[in-house]
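K.L.:
Provided herewith is a single structure, encoded as structure tokens, for subsequent inquiry.
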Amino acid sequence: MSTFARWATVMSESLYGEEGFYRQSDPIEHFRTSAHYWAFAQAVARIIDRLTPRLDEVTVVDVGAGRGELLNRLASLVTADIRLIAVEVRPRPGDLPQRVEWRTETPSRFSGLLLACELLDNIPLDVAVQTPQGWRYEEVDRTGATRPGPKLSHTDRAWIEKWWPEPHPADADERTEPNFRAEIGRPRDQLWRDITGRLTHGAAIAIDYGHTRGMRPQHRTITGYRHGRQVPPQLDGSTDITAHVSFDSLSCHPSAMLLPQREALLRCGITGQRPPITQAHIDPFGYATALGQASEEAELINNDGLGAHWWLVEGIDVPAEELLPVHEEN
38 MSTFARWATV MSESLYGEEG FYRQSDPIEH FRTSAHYWAF AQAVARIIDR LTPRLDEVTV
98 VDVGAGRGEL LNRLASLVTA DIRLIAVEVR PRPGDLPQRV EWRTETPSRF SGLLLACELL
158 DNIPLDVAVQ TPQGWRYEEV DRTGATRPGP KLSHTDRAWI EKWWPEPHPA DADERTEPNF
218 RAEIGRPRDQ LWRDITGRLT HGAAIAIDYG HTRGMRPQHR TITGYRHGRQ VPPQLDGSTD
278 ITAHVSFDSL SCHPSAMLLP QREALLRCGI TGQRPPITQA HIDPFGYATA LGQASEEAEL
338 INNDGLGAHW WLVEGIDVPA EELLPVHEEN
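Heads up: the sequence shown begins at 38 in our numbering, then just goes up one per residue.
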């Protein structure tokens with residue numbers, strides 16, 4: 038007989054329990070994020086270059102670092118005095134450079150750059166479903182089957198009222214449909230405020246797919262990824278489970294910037310511009326290298342893919358606009 042529980046409980050066990058996905062699987066076998074691209078590391082290195090003159094010490098902390106792919110690349114792109122710290126529940130991979138530190142907890146205090154690249158979408162959250170009796174928590178079992186559960190807490194109901202808008206009046210009847218759902222992003226808000234609260238000076242950047250108040254989905258975004266393919270959520274540890282991020286609820290910082298990845302990377306000089314074909318005759322190897330770089334950059338800024346991800350940039354005593362100045366081609 039299936040055991041039902043709220044989404045946050047089942048998702049947490051499926052991802053981070055003893056037999057959870059992130060304890061047993063190698064994520065790169067199932068999906069590829071921006072952090073796996075050299076061009077992305079080059080963009081982050083440029084942000085670090087802009088940040089460094091403003092700080093006495095720079096520590097780069099990558100929370101949810103996977104196998105440390107991003108910091109591995111940064112190790113060859115930034116100066117040796119910059120500390121690189123990976124935060125991850127998995128054991129340290131054996132092929133990381135020695136200078137990359139490996140921890141299971143975010144440092145309590147540091148200055149520099151905090152990165153959360155596709156971290157927040159994996160933070161377990163509850164789902165609320167609208168029923169004829171009002172909002173209820175949605176419960177789920179390991180197979181992904183669902184049913185309405187108990188009433189929402191006052192705290193979660195308040196979060197929905199503040200951050201999840203009512204449908205357009207023309208769609209108001211959807212409120213009584215059993216498939217109208219809201220994903221309660223409060224645990225992501227709390228985590229983001231916790232880890233950014235440890236940053237004394239510098240900047241914090243969250244990068245993920247998500248939405249804002251004016252574009253909230255009316256149905257559940259929770260989904261699964263397995264071996265490079267999107268699949269129905271299977272909550273047995275075999276599948277990566279994600280849900281889109283409510284970006285505008287994350288930050289209370291008045292100077293925070295929210296912009297699409299395409300725009301952020303253009304501001305870092307990532308344009309996807311192909312080399313001139315004449316270079317192929319003069320320098321075939323250089324042309325092939327430049328073409329590969331352009332292809333990577335194009336993937337990162339593609340509006341139908343990674344380029345549509347959101348960047349939330351918070352500066353602590355450092356204006357976010359100075360880290361991402363408007364590119365001359367914007």
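Built from N, CA and C at the ideal position, the CB exists for glycine as well.
#1: Here's the rule: buried if 16 or more other CB atoms are within 10 angstroms of the residue's CB, otherwise exposed. What is Pro362?
#2: Among Gly352, Glu351, Trp347, Leu343, which one has its Cα closest to the Cα of Ala76?
#3: Where does Gln330 sit, in a helix, a strand or coil, going by DSSP?
#4: Ser113 to Ala78, Cα distance in whole Å?
#5: Under 6 Å Cβ to Cβ from Arg311, same chain only, skipping five residues before and after it: list those, please.
#6: Is the Cβ-Cβ distance between Glu351 and Ala241 less than 8 Å?
#7: From Arg184 to Leu52, what does the alpha carbon distance come to, in whole angstroms?
#8: From which residue to which residue does the alpha helix (DSSP H) around Thr233 run?
#9: How many Å lie between Asp193 and Ile221 at the Cα?
#10: CB-CB under 6 Å to Cys305, same chain, minus the five flanking residues each way: which ones, in chain order?
#11: Just the Cα atoms here: how many angstroms apart are Arg179 and Asp245?
#12: Taking only runs that begin and end inside the segment 286-350, name each unbroken beta strand (DSSP E) of 3 or more residues, in chain order.
#13: Going by beta-carbon coordinates alone, are Val47 and Val177 separated by less than 8 Å?
#14: Straight-line CA distance for Gly171 to Ile119?
#15: How big is the Cα-Cα spacing for Ala357 and His238?
#16: Inspect the CB distances between the segment 87-96 and the segment 146-153 and report whether three or more fall short of 8 Å.
#17: What do you reckon, are the CB atoms on Pro130 and Gly101 nearer than 8 Å?
#18: Under a three-way DSSP split, which group does His264 fall into?
#19: On a CA-only basis, which of Thr70, Pro254, Ala293 is nearest Cys154? Give me that one, please.
#20: Determine which residues share a DSSP beta bridge with Pro185 and list them.
#21: For Asp210, which residues in the same chain have their Cβ closer than 8 Å to its Cβ, ignoring the five residues on either side in sequence?
#22: Does the Cβ of Asp226 have 16 or more other Cβ atoms within 10 Å, making it buried, or fewer, making it exposed?
#23: Step through the CB atoms of chain C and report whether any lies within less than 8 Å of the CB of His290.
#24: In angstroms, rounded to a whole number, what distance separates the CA positions of Ser190 and Trp196?
#25: Measuring CA to CA, which of Gly261, Asp341, Gln271 is closest to Asp158?
#26: Can you give me the C-alpha to C-alpha distance between Gln167 and Arg173, rounded to a whole angstrom?
#27: Thinking C-alpha only, which one of Phe58, Lys199, Arg60, Val98 is nearest Gln236?
#28: Buried or exposed for Asn109, going by 16 or more other Cβ atoms inside 10 Å?
#29: Mark Val126 as exposed unless 16 or more other C-beta atoms lie within 10 angstroms of its C-beta, in which case mark it buried.
#30: Could you tell me how far apart the beta carbons of Glu142 and Val124 are, in whole angstroms, since I believe they sit closer than 8 Å?
#31: Tell me, to the nearest whole angstrom, how far the beta carbon of Pro202 is from that of Arg253; I am working on the premise that it is less than 8 Å.
#32: Can you tell me which of Ser62, Gly57, Thr40, Glu56 puts its alpha carbon nearest to the alpha carbon of His9?
P.N.:
For this structure:
#1: For the purposes of this step, residue 362 is taken as residue 325 along the sequence shown, with counting starting at 1. Counting C-beta atoms within 10 angstroms of its own C-beta, Pro362 has fewer than 16 neighbours from the protein chains shown and is therefore classed as exposed.
#2: To locate residue 76, count along the sequence shown from 1; it is residue 39. Comparing Cα-Cα distances from Ala76 to each of Gly352, Glu351, Trp347, Leu343, the minimum goes to Leu343.
#3: The residue you call residue 330 lines up with position 293 of the sequence shown. Assigned with DSSP and collapsed to three states, Gln330 falls in helix.
#4: On the sequence shown, residue 113 is found 76 positions in, with the first residue counted as 1. On the sequence shown, residue 78 is found 41 positions in, with the first residue counted as 1. Going by the C-alpha atoms only, they are around 10 Å apart.
#5: Here residue 311 refers to the residue found at position 274 when the sequence shown is read from its first residue. Taken in chain order, the residues that qualify are Ala331.
#6: Taking the first residue of the sequence shown as 1, we reach residue 351 at position 314. Taking the first residue of the sequence shown as 1, we reach residue 241 at position 204. Yes. Within cutoff.
#7: Along the sequence shown, one-based indexing puts residue 184 at 147. Along the sequence shown, one-based indexing puts residue 52 at 15. Arg184 and Leu52 have their C-alpha atoms spaced approximately 21 Å apart.
#8: Taking the sequence shown and counting its residues from 1, the one referred to as residue 233 is at position 196. Residue range 223-233 is occupied by the alpha helix (DSSP H) that includes Thr233.
#9: Your numbering for residue 193 matches position 156 in the sequence shown. Your numbering for residue 221 matches position 184 in the sequence shown. The alpha-carbon atoms of Asp193 and Ile221 are separated by roughly 7 Å.
#10: As a position in the sequence shown, residue 305 is number 268, starting the count at 1. These residues qualify, in order along the chain: Ala80, Arg83.
#11: Counted from its first residue, the sequence shown places residue 179 at position 142. Counted from its first residue, the sequence shown places residue 245 at position 208. For Arg179 and Asp245, the gap between their C-alpha atoms comes out near 25 Å.
#12: Counting whole runs of 3 or more residues, the segment 286-350 contains the beta strand (DSSP E) stretches 294-297.
#13: The residue given as residue 47 occupies position 10 in the sequence shown. The residue given as residue 177 occupies position 140 in the sequence shown. Yes, they are a contact pair.
#14: Here residue 171 refers to the residue found at position 134 of the sequence shown. Here residue 119 refers to the residue found at position 82 of the sequence shown. One C-alpha to the other measures close to 52 Å.
#15: Here residue 357 refers to the residue found at position 320 when the sequence shown is read from its first residue. Here residue 238 refers to the residue found at position 201 when the sequence shown is read from its first residue. Ala357 and His238 have their alpha carbons spaced roughly 12 Å apart.
#16: Judged by Cβ distances under 8 Å, the segment 87-96 makes contact with the segment 146-153, as three or more pairs qualify.
#17: Translated into the one-based positions of the sequence shown, residue 130 becomes position 93. Translated into the one-based positions of the sequence shown, residue 101 becomes position 64. Judged by their CB atoms, Pro130 and Gly101 are not nearer to each other than the 8 Å cut-off.
#18: Here residue 264 refers to the residue found at position 227 of the sequence shown. For His264, the three-state secondary structure derived from DSSP is coil.
#19: Sequence index remark: in the sequence shown, residue 154 carries index 117 (1-based). When C-alpha distances from Cys154 are compared across Thr70, Pro254, Ala293, the shortest belongs to Thr70.
#20: Your numbering for residue 185 matches position 148 in the sequence shown. By DSSP's assignment, Pro185 forms a beta bridge with Glu175.
#21: For the purposes of this step, residue 210 is taken as residue 173 along the sequence shown, with counting starting at 1. Because the pLDDT at Asp210 is just 48, under 50, the model does not fix this residue reliably, and the point stays unresolved.
#22: Counted from its first residue, the sequence shown places residue 226 at position 189. That one is buried.
#23: No chain C is present in this structure, which holds just one protein chain.
#24: On the sequence shown, position 153 is the one that residue 190 refers to. On the sequence shown, position 159 is the one that residue 196 refers to. Each residue's Cα considered, the two are about 10 Å apart.
#25: Position 121 of the sequence shown, counting from 1, holds the residue named residue 158. Closest by alpha carbon: Gly261.
#26: By one-based count along the sequence shown, residue 167 stands at place 130. By one-based count along the sequence shown, residue 173 stands at place 136. The straight-line gap from Cα to Cα measures roughly 6 Å.
#27: Translated into positions along the sequence shown, residue 236 becomes position 199. Reading the sequence as shown, one finds Leu at residue 236 and not Gln. Considering only alpha carbons, the answer is Val98.
#28: Here the question's residue 109 lines up with position 72 in the sequence shown. Per the 10 Å Cβ criterion, buried.
#29: For the purposes of this step, residue 126 is taken as the residue at position 89 of the sequence shown. Under this definition Val126 is an exposed residue.
#30: What you label residue 142 is simply residue 105 of the sequence shown in a count that begins at 1. What you label residue 124 is simply residue 87 of the sequence shown in a count that begins at 1. Sure, about 7 Å apart at Cβ, within 8 Å.
#31: Position 165 of the sequence shown holds residue 202. Position 216 of the sequence shown holds residue 253. Yes, they are in contact, since the Cβ atoms of Pro202 and Arg253 sit about 6 Å apart, within 8 Å.
#32: The question about residue 9 has no answer, for the chain in this structure spans 38 to 367.
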